[in-house]
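**Student:** Could you have a look at this structure, given as structure tokens, before my questions?
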Amino acid sequence: MIAGIPIAIGYIPIAITFGLLTKTVELPNYLGIVMSLLIFAGASQFVGVNLIAIGATYWEIVLTTFILNFRHFLLSASISQRIERNTSKNILAILSFGITDETSMVASLREENEISPNFLFGLNLTAFTSWNIGTLAGIFLGAGLPDSIQSSMGIALYSMFIGLLIPSIKKSNPILIISLLAAVINSILFYTPMPFGISTGWRIIISTILASIIGTVIFPTEGQQK
């Protein structure tokens with residue numbers, strides 16, 4: 027669990043922001059708590075709250091969060107290759123729930139060839155606990171903050187994604203181009219008159235998928251080039 031302390035320190039402020047955001051968009055307290063308990067995925071929770079606030083449909087929310095969380099299949103598959111071989115499938119299922127970008131990174135940096143299920147469970151539990159403590163703090167303690175600060179939490183979603191995107195853009199021109207392409211597609215869908223309306227949720231889904239497909243064609247991997 028000690029290895030998870032740095033993750034916890036980083037999670038709590040973001041989780042507090044998430045809790046504040048749920049109050050800003052006037053979601054019931056229980057909904058924010060349940061999201062952190064059952065979803066436990068920061069980016070998806072921020073997006074989910076935003077989509078709920080604008081009245082997106084059930085399927086728009088599900089598909090958007092599915093796309094955002096698809097990388098967890100890869101993270102879990104990678105970590106599973108290093109888990110002790112005698113670990114039961116039930117334990118693996120429990121461990122997979124707690125896998126995040128940060129916990130998978132810490133686990134992958136372990137020097138041991140095999141990762142102990144106990145270590146990964148403690149790591150995940152620390153991250154999970156800190157995220158939920160932060161959510162509770164944001165929901166119940168954030169109510170005492172001035173209205174101006176609470177209302178400013180509406181930009182938390184955009185700030186979070188910009189913070190995640192900028193480091194990748196600095197390292198990779200293809201990521202920059204694909205990101206701009208997604209923004210252009212989303213803008214076209216928004217401003218172009220159509221016989222049928224496209225909601226915000228579907229615009230996000232369509233622009234993300236199209237930009238990703240075009241990106242794989244324009245920037246094939248080395249294996250594909252061969």
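The sequence shown runs 27 to 252 under our numbering.
Quick reminder that beta carbons are idealized off the backbone N, C-alpha and C, glycines included.
1) Can you tell me the Cβ-Cβ gap for ILE231 and THR90, rounded? I've got them flagged as a contact below 8 Å.
2) To the nearest angstrom, how far is it from the Cα of ILE192 to the Cα of THR43?
3) In angstroms with no decimal places, state the Cα-to-Cα distance between ILE78 and GLU138.
4) In three-state DSSP terms, what is ILE109?
5) Mind listing, in chain order, the continuous alpha helix (DSSP H) runs of no fewer than 4 residues lying wholly within the segment 114-151?
6) Three Cβ pairs or more, each shorter than 8 Å: is that satisfied between the segment 141-148 and the segment 38-58?
7) Touch check for the segment 194-210 and the segment 59-72: three-plus C-beta pairs under 8 Å?
8) Find out if the Cβ-Cβ distance for the pair SER102, ILE125 is shorter than 7 Å.
9) Which first and last residues belong to the alpha helix (DSSP H) in which THR83 is found?
**Tutor:** Put simply:
1) 6 Å
2) 20 Å
3) For the pair ILE78 and GLU138, the Cα-to-Cα distance works out to about 43 Å.
4) In the structure shown, ILE109 sits in a strand (DSSP, three-state: E or B).
5) 115-123 and 127-134
6) no
7) No, the segment 194-210 is not in contact with the segment 59-72.
8) yes
9) Element bounds for THR83: n/a, residue is neither H nor E.
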